[in-house]
Amino acid sequence: MIAINEKGYYGEFGGAYIPEMLHPNIEELRQQYVQVMEEPAFQREFRHLLKDYVGRPSPLYLAERLSGHYKATIYLKREDLNHTGAHKINNTIGQILMARRLGKTRIIAETGAGQHGVATATVCALMGIQCIVYMGAVDIKRQAPNVSRMRMLGAEVRPATSGSQTLKDATNEAIRDWINNPVDTHYIIGSVVGPHPYPDMVARFQSVISEEMKWQLEEQTGRENPDAIVACVGGGSNAAGAYYHYLNEKEVRLIAVEAAGHGIHSGESAATSVLGTKGIIHGSRTLLMQTPDGQITEPYSLSAGLDYPGIGPLHAHLIASGRAEAISITDDEALASAFFLSRKEGIIPALETAHAFAALDKMEYSPEDVIVVCLSGRGDKDLDTYIQHFDRF
176 MIAINEKGYY GEFGGAYIPE MLHPNIEELR QQYVQVMEEP AFQREFRHLL KDYVGRPSPL
236 YLAERLSGHY KATIYLKRED LNHTGAHKIN NTIGQILMAR RLGKTRIIAE TGAGQHGVAT
296 ATVCALMGIQ CIVYMGAVDI KRQAPNVSRM RMLGAEVRPA TSGSQTLKDA TNEAIRDWIN
356 NPVDTHYIIG SVVGPHPYPD MVARFQSVIS EEMKWQLEEQ TGRENPDAIV ACVGGGSNAA
416 GAYYHYLNEK EVRLIAVEAA GHGIHSGESA ATSVLGTKGI IHGSRTLLMQ TPDGQITEPY
476 SLSAGLDYPG IGPLHAHLIA SGRAEAISIT DDEALASAFF LSRKEGIIPA LETAHAFAAL
536 DKMEYSPEDV IVVCLSGRGD KDLDTYIQHF DRF
């Protein structure tokens with residue numbers, strides 16, 4: 176049985192390793208999050224906003240030309256069609272409702288690719304709550320359209336200028352802010368990372384993805400379970416949501432796709448499942464890329480959303496236990512996959528999502544298999560990157 180225990184661990188991964196200043200915040204959330212989420216009034220408001228504001232359920236689309244190419248039945252879970260263009264809005268809707276019930280009046284968030292930042296700015300505008308988003312200075316440049324969207328929505332975008340100036344560093348800055356503003360501030364973490372209860376809470380909010388997949392597959396194929404679910408993993412919230420209702424269905428293969436950058440062993444990679452060892456990052460024990468003396472290794476990926484040196488503790492447990500299979504995809508493989516999907520199905524994917532599609536070239540499966548790929552986000556934000564590679568593909 177794969178489930179989080181009362182101390183916030185999936186097997187040996189998880190927990191809450193936090194500064195003393197944050198203990199009251201984390202404890203307040205830990206004691207109340209499940210009870211609040213299960214309140215009928217909370218669920219009614221959450222489901223109402225998912226339906227009428229986000230636009231759920233997102234379609235489960237049979238990709239016929241893709242299926243013909245790969246000689247298997249391939250469905251796409253279209254999270255790119257959500258309001259704001261990705262799965263991130265599922266979690267931010269839930270967390271803004273949680274923050275409001277806890278009496279918080281100020282929201283902070285971190286973002287890499289910018290999709291979580293946009294989703295956080297969106298729900299803060301919806302609820303009339305102050306929003307500050309931390310983003311690496313490098314990511315601010317390579318994800319400029321999303322930065323503009325956040326500012327249009329009224330959020331303040333603060334650059335993180337330390338380290339590699341990417342997602343890890345933005346998270347560091349957000350945590351520093353929270354330590355300095357513990358009373359009125361709620362930190363909307365964007366992935367299944369951080370101290371307990373965040374990994375479980377985010378996974379629960381994102382589990383609407385697999386909840387829908389089950390009845391959509393039943394409706395289209397006569398069975399609830401696919402043979403495999405494929406999703407990209409940085410921190411891993413879209414993957415956690417896509418896997419959630421299948422975690423204990425052992426006949427369903429779970430494929431976690433990571434960013435190999437310029438190559439797994441190139442020194443410029445974010446393939447945590449291969450390169451990572453057990454350690455603590457951003458409040459939880461998980462797998463992370465680090466030197467023998469425990470210094471975090473700078474990750475690299477062309478994709479800002481996968482450019483993270485660790486993975487969520489749920490995914491660390493799934494991979495370490497053998498429940499999930501990890502596949503590493505290079506920048507070039509992801510780019511080729513993005514152009515291929517665009518021209519095969521008329522869908523331009525986010526660069527993060529393109530990694531998941533590239534894994535289809537490395538998987539073993541039979542012609543009878545039903546495979547669901549979580550299409551976690553659309554590619555508008557990555558067009559500048561794609562434009563630079565038009566001549567190659």
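The sequence shown runs contiguously to residue 568 in the numbering used here.
Idealized CB from N, CA, C, for every residue including glycine.
Keep in mind the model is a prediction, meaning the values are calculated, not measured.
- Taken through DSSP and simplified to helix, strand or coil, M310 comes out as strand.
- The C-beta of S496 has fewer than 16 other C-beta atoms within 10 Å across all chains shown, which makes the residue exposed.
- The DSSP-derived three-state label of V432 is strand.
- In the three-state reduction of the DSSP assignment, G189 falls in the strand class.
- Exposure of H198 is indicated by the presence of fewer than 16 other C-beta atoms within 10 angstroms of its C-beta.
- An exposed status is given to K537, since fewer than 16 other beta-carbon atoms sit within 10 Å of its beta-carbon.
- By the Cβ neighbour-count rule, Q290 is buried, with 16 or more other Cβ atoms within 10 Å of its own.
- I315 sits in a helix when the DSSP states are folded into three classes.
- For T360, the enclosing beta strand (DSSP E) has its first and last residue at 360-363.
- About 5 Å separates the Cβ atoms of L481 and E527, confirming a contact at the 8 Å cut-off.
- Per DSSP, reduced to three states, the secondary structure at Y540 is coil, with no helix or strand assignment.
- Between G329 and M310, the C-beta spacing is not below 8 Å.
- With a beta-carbon spacing of about 6 Å, I404 and L429 fall inside the 8 Å limit used to define contacts.
- Cβ contact annotation for S478 (same chain, cutoff 6 Å, sequence separation greater than five): A434, L526, E527, in chain order.
- With fewer than 16 neighbouring CB atoms inside 10 Å of its own CB, H223 falls in the exposed class.
- W390 is classed as exposed because its beta carbon has fewer than 16 other beta carbons within 10 Å across all chains shown.
- In this structure, DSSP gives P232 a state outside helix and strand, which the three-state scheme calls coil.
- Under DSSP, S459 shares a beta bridge with I456.
- Here Q305 is near R281, since their CB atoms are less than 8 Å apart.
- The beta-carbon separation of Y245 and L535, rounded to 5 Å, stays under the 8 Å limit for a contact.
- Comparing alpha carbon positions, the residue from A511, A533, I201 closest to Y561 is A511.
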